[in-house]
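Working notes, structure below.
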Ligand SMILES: Nc1nc2c(ncn2[C@@H]2O[C@H](COP(=O)(O)OP(=O)(O)OP(=O)(O)O)[C@@H](O)[C@H]2O)c(=O)[nH]1
Ligand SMILES: [Mg+2]
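In the numbering used here, the protein residues as written are 558 to 948.
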């Protein structure tokens, strides 16, 4: 279309009416382009539980709204205390379930103290409580238990919060942005955020309004998702790459990564989302790398990985992390190429091949998300241009 327009403009001395028609056509395209640019973009975050949806939601608030005031940061303290307490409580519980022994002689007393408190975190971190938590986290036995945490449910932020425990337990503690990003609270219901993002000058300047929806990823939350499918421009699907050696909280017999792949298939093939663009964040790259460095291998859970490493696709991979990333991405690509059982009318009429865009992310890293979101925005702008034939 772009070429066609240039050709029209170059052709020698067209009759007046042709010229007028051409300029009207250009004007129409321009106003259409402006309308498309100005149109609000609706993005829906989807993915299994703990894949990082709410963390991305928080990043949008940090990057595109005003972030968190001191009062709002203080409001997060009880949640952070609860995260820490649940982590240490769970580790102590699994010490005995896994038959592990404490290496330090005072740890058993600390473990009994923590267990006697039950699941509820203290409102105030007194000295005695802090000493017990520090003793336990420094115990070699607890670290062994932590290394085996793929065998039981444990927050991914356990290490972050316990490594930062002395700072967090101070009387005058105010959570940092990083603390807030690591804090975990299960999402129930549907949450919405709206924000404005500048459009680059070379694409016309101004601002674009985004609306983003966050939903709960646990199985019992997914029946609510359909309420927000209508009018969605892009699905941002999060998949946790570090899930390969863990089982699902809701069903211990199901591998978490397999659950995420199955869910991706059903979302990709959902006819109500057939017209939406798809962006996948292959998230938790940092945890995946840490796991592989500590001796965990995806091949123990997905035996087909071995064959994949010998395939020509893997030629450009340098180490096991690269292979693992590429393997998971390939699994997603394969799903997008499967024949759809019940093709939507939207697909039959308008599209031949749907695109899916992939990004490797660490949702807790603001720099990474700034860059990736910038790419996503560019992609949306270029897609708008392509739809009206200017790219
Ligand atoms: N280290 C690390 N932690 C992450 C990353 N992404 C998310 N997390 C942490 O993982 C936990 C779960 O993230 P959430 O954003 O709450 O997950 P969710 O998808 O909203 O989960 P549901 O609300 O249950 O559907 C939080 O403690 C986050 O801080 C990541 O890339 N790296
Ligand atoms: Mg959430």
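The beta carbon of each residue, even a glycine, is placed where N, CA and C say it ideally should be.
Open item on the list: Judging by CA-CA distance, which residue of 678, 600, 922, 937 is the nearest neighbour of residue 841?
Closed with: For residue 841, the nearest C-alpha among the options comes from 922.
Task: Where residue 643 falls, given that 16 or more other Cβ within 10 Å makes a residue buried - done: So residue 643 counts as buried.
Task: Beta-carbon proximity list for residue 776, same chain, < 7 angstroms, skipping 5 on both sides - done: Setting aside the 5 residues that flank it on each side, residue 776 is surrounded in the same chain by 807, each with a C-beta closer than 7 angstroms to its C-beta; the list follows chain order.
Task: Contacts around residue 641, its chain only, beta-carbon distance under 6 angstroms, and the 5 residues preceding and following it disregarded - done: Counting only Cβ-Cβ distances below 6 angstroms, and skipping sequence neighbours, we find 718.
- [ ] With a threshold of 7 angstroms, establish whether the CB of residue 610 neighbours any heavy atom of ligand 2.
- [x] Yes - ligand 2 has a heavy atom lying nearer than 7 angstroms to the Cβ of residue 610.
TODO: Jot down the residue ranges of each uninterrupted beta strand (DSSP E) in the stretch 680-720, minimum 3 residues, whole runs only, in chain order.
DONE: Complete beta strand (DSSP E) runs here, min 3: none at all.
Open item on the list: Any heavy atom of ligand 2 closer than 7 angstroms to the beta-carbon of residue 771?
Closed with: Within the cutoff, so yes.
TODO: Return the chain-ordered list of same chain residues with a C-beta closer than 8 angstroms to the C-beta of residue 624, the five sequence neighbours on each side being excluded.
DONE: Its chain contains 618, 734 as the residues whose beta carbon lies nearer than 8 angstroms to that of residue 624, once the 5 sequence neighbours on both sides are disregarded; these appear in chain order.
Task: Buried versus exposed, by CB contacts within 10 Å (16 or more), residue 816 - done: Counting every other CB atom within 10 Å of its CB across the protein chains shown gives residue 816 a total of 16 or more, marking it as buried.
- [ ] Closer than 6 angstroms by C-beta to residue 919: which residues in its own chain qualify, once you throw out the five before and the five after it? Chain order, please.
- [x] If we look at residue 919 and ignore the five residues flanking it on each side, its Cβ neighbours are 842, 843, 925.
Task: Nearest neighbour of residue 847, chosen from 802, 869, 758 [CA to CA] - done: Out of 802, 869, 758, 802 has the C-alpha closest to the C-alpha of residue 847.
- [ ] Under 8 angstroms by Cβ, that's how I've got residue 830 and residue 767 pegged, so tell me the actual separation to the nearest angstrom.
- [x] Taking 8 angstroms as the upper bound for CB-CB distance, residue 830 and residue 767 are not in contact here, some 18 angstroms apart.
Task: Through-space distance from residue 861 to residue 670, alpha-carbon basis - done: C-alpha separation (whole angstroms): 46 angstroms.
Task: Whole-angstrom distance between residue 598 and residue 609, CA atom to CA atom - done: Rounded to the nearest angstrom, the two C-alpha atoms are 21 angstroms apart.
Task: Those runs of the alpha helix (DSSP H) which lie wholly inside the stretch 641-675 and span at least 4 residues - done: Within the stretch 641-675, the complete alpha helix (DSSP H) runs of at least 4 residues are 664-673.
Open item on the list: Using DSSP's beta-bridge definition, name the partner residues of residue 753.
Closed with: According to DSSP, which records beta bridges pairwise, residue 753 is partnered with 766.
TODO: From the DSSP output, in three-state form, read off residue 806 for me.
DONE: It is coil, neither helix nor strand.
- [ ] Return the CA-CA distance between residue 645 and residue 654, expressed in angstroms with no decimal places.
- [x] Rounded to whole angstroms, residue 645 to residue 654 spans 14 angstroms at the Cα level.
Task: Whole alpha helix (DSSP H) elements within the stretch 792-840, 4-residue minimum - done: Correct list: 813-825.
Open item on the list: Closer than 8 angstroms is the cut-off here; do at least three beta carbon pairs connect the stretch 674-689 with the stretch 629-638?
Closed with: Judged by pairs of C-beta atoms under 8 angstroms, the stretch 674-689 touches the stretch 629-638, as three or more such pairs exist.
Open item on the list: Could you check whether the Cβ of residue 852 sits closer than 7 angstroms to any heavy atom belonging to ligand 1?
Closed with: Checking every heavy atom of ligand 1 against the Cβ of residue 852, none is found closer than 7 angstroms.
Task: Rounded distance between the beta-carbons of residue 602 and residue 771, thought under 8 angstroms - done: Sure, about 5 angstroms apart at Cβ, within 8 angstroms.
Task: Three-state class that DSSP yields for residue 747 in the structure shown - done: Assigned with DSSP and collapsed to three states, residue 747 falls in strand.
- [ ] Please report how far the alpha carbon of residue 833 lies from the alpha carbon of residue 790, in whole angstroms.
- [x] When rounded, the distance between both Cα atoms is 5 angstroms.
- [ ] Sort 749, 763, 748 by Cα distance to residue 755 and report the nearest one.
- [x] Cα-wise, what sits closest to residue 755 is 763.
Open item on the list: Could you pull the DSSP bridge partners for residue 600 from this structure?
Closed with: Beta-bridge partners assigned by DSSP to residue 600: 769, 791.
Open item on the list: Give me, in chain order, the residues of the same chain whose beta-carbon lies closer than 7 angstroms to that of residue 731; leave out the 5 immediate sequence neighbours on both sides.
Closed with: The beta carbon of residue 731 sits closer than 7 angstroms to those of 627, 630, 631, all from its chain and outside the five residues before and after it, given in chain order.
Open item on the list: Quick check on DSSP: helix, strand or coil for residue 621?
Closed with: DSSP places residue 621 in helix when its eight states are reduced to three.
Open item on the list: Measuring straight from C-alpha to C-alpha, what distance separates residue 936 and residue 795?
Closed with: Distance between residue 936 and residue 795, taken at the CA atoms: about 18 angstroms.
- [ ] Can you give me the start and stop residues for the alpha helix (DSSP H) that residue 916 sits inside?
- [x] Per DSSP, residue 916 belongs to no alpha helix (DSSP H); it is in the beta strand (DSSP E), 913-917.
Task: Cβ shell of residue 647 (< 6 angstroms), same chain only, five flanking positions each side left out - done: Cβ-Cβ distances below 6 angstroms link residue 647 to 711 in the same chain, with the five nearest sequence neighbours on each side left out; the list follows chain order.
- [ ] Look up residue 934 in the DSSP assignment and say whether it is helix, strand or coil.
- [x] DSSP places residue 934 in helix when its eight states are reduced to three.
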